[in-house]
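So the structure is just underneath, and the comments pick up after that.
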Amino acid sequence: LNDLIGQLLSMPDDSAPLSDTIDLTELLESIIDDCTIEAEVKQVSLSLHTDCRESLVAATVVQLHSAMENIIRNAIHYTANNSQITIELSLVNKPNKESANQSFVFVSGSYFQVSINDCGPGVPQEDLEQIFQPFYRVDRARNRDTGGYGIGLAIVQRVIQRHKGSVSAKNTEAGLSVQILLPVMING
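When you line the sequence shown up against my numbering, it's residues 157 to 344, in that order.
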């Protein structure tokens, strides 16, 4: 119950400004460091691949760190022992969504895509659209020792949307791939 209350209290305040400028590569490296022990217990390797020289986004660093860490820890939890999780950071162009936030200007159509790819069982196709809904659990029979309350991914989605981005998931041959899109930021 304390865990559930903590998760609910961590819901982002939509009125607070995105006051930090962070480098996504550095953020992801920090999260990988934080998750190393958990991954080593399962003999899972975590690797980050990026071709971005600079990956600046406007953010509330604590919220964005927590959201991305939630996805990576889920990947570790559900991936097979003795396997690998790859995290890829790339620059992509998406349909224009003009947006301004305080003194920052977002580059229309340019986003950083973070893909977190695990070697787990994936998610049944009929559940993929629902996994970001509050209190939705793919396997309702799981007990609290192995499963959560169904709130973590809903918080992730809300945090990413608050950062003018999007999050989605799809099954791959290897497991589940979660994609997070965040707008590229330039100082304006």
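Ideal Cβ positions, reconstructed from N, Cα and C, are used throughout, including at glycine.
Can the beta-carbon of residue i be found closer than 8 angstroms to that of residue j?
{"i": "D190", "j": "S211", "result": "no"}
{"i": "H221", "j": "L183", "result": "yes"}
{"i": "D274", "j": "Y234", "result": "yes"}
{"i": "I307", "j": "F291", "result": "yes"}
{"i": "V218", "j": "P339", "result": "no"}
Might you give, ordered along the chain, the residues of its own chain that have their beta carbon closer than 6 angstroms to the beta carbon of residue i, omitting 5 neighbours on each side?
{"i": "H205", "result": "E244"}
{"i": "E225", "result": "I187"}
{"i": "S203", "result": "T242"}
{"i": "L337", "result": "Y267, Q269, G321 and S322"}
{"i": "K198", "result": "N237"}
For residue i, which residues in the same chain have their Cβ closer than 7 angstroms to its Cβ, ignoring the five residues on either side in sequence?
{"i": "V279", "result": "I287, V294, A325, N327 and L332"}
{"i": "Q313", "result": "F288 and V323"}
{"i": "Q258", "result": "Confidence at Q258 is low in this model, with a pLDDT of 38, below 50, so its placement is unreliable and no value can be given for it."}
Within a Cβ cutoff of 8 angstroms, which residues of the same chain sit near residue i, ignoring the five residues on either side of it in sequence?
{"i": "A330", "result": "N273, D274 and C275"}
{"i": "R229", "result": "C191 and E194"}
{"i": "Q281", "result": "N327"}
Can you check which of these residues, the options, is closest to residue i by C-alpha distance?
{"i": "V200", "options": "S266, Q335 and A231", "result": "A231"}
{"i": "F268", "options": "T192, N238 and N249", "result": "N249"}
{"i": "Q240", "options": "D207, E196 and A215", "result": "E196"}
{"i": "A215", "options": "A236, P277, L309 and R318", "result": "R318"}
{"i": "L309", "options": "A223, Q335 and N238", "result": "A223"}
{"i": "L247", "options": "V315, T181 and E285", "result": "T181"}
{"i": "V315", "options": "I227, E285 and P277", "result": "I227"}
### Task
Any chance you could list the beta strand (DSSP E) runs of at least 3 consecutive residues sitting entirely within the region 172-198, in chain order?
176-179, all fully within the region 172-198.
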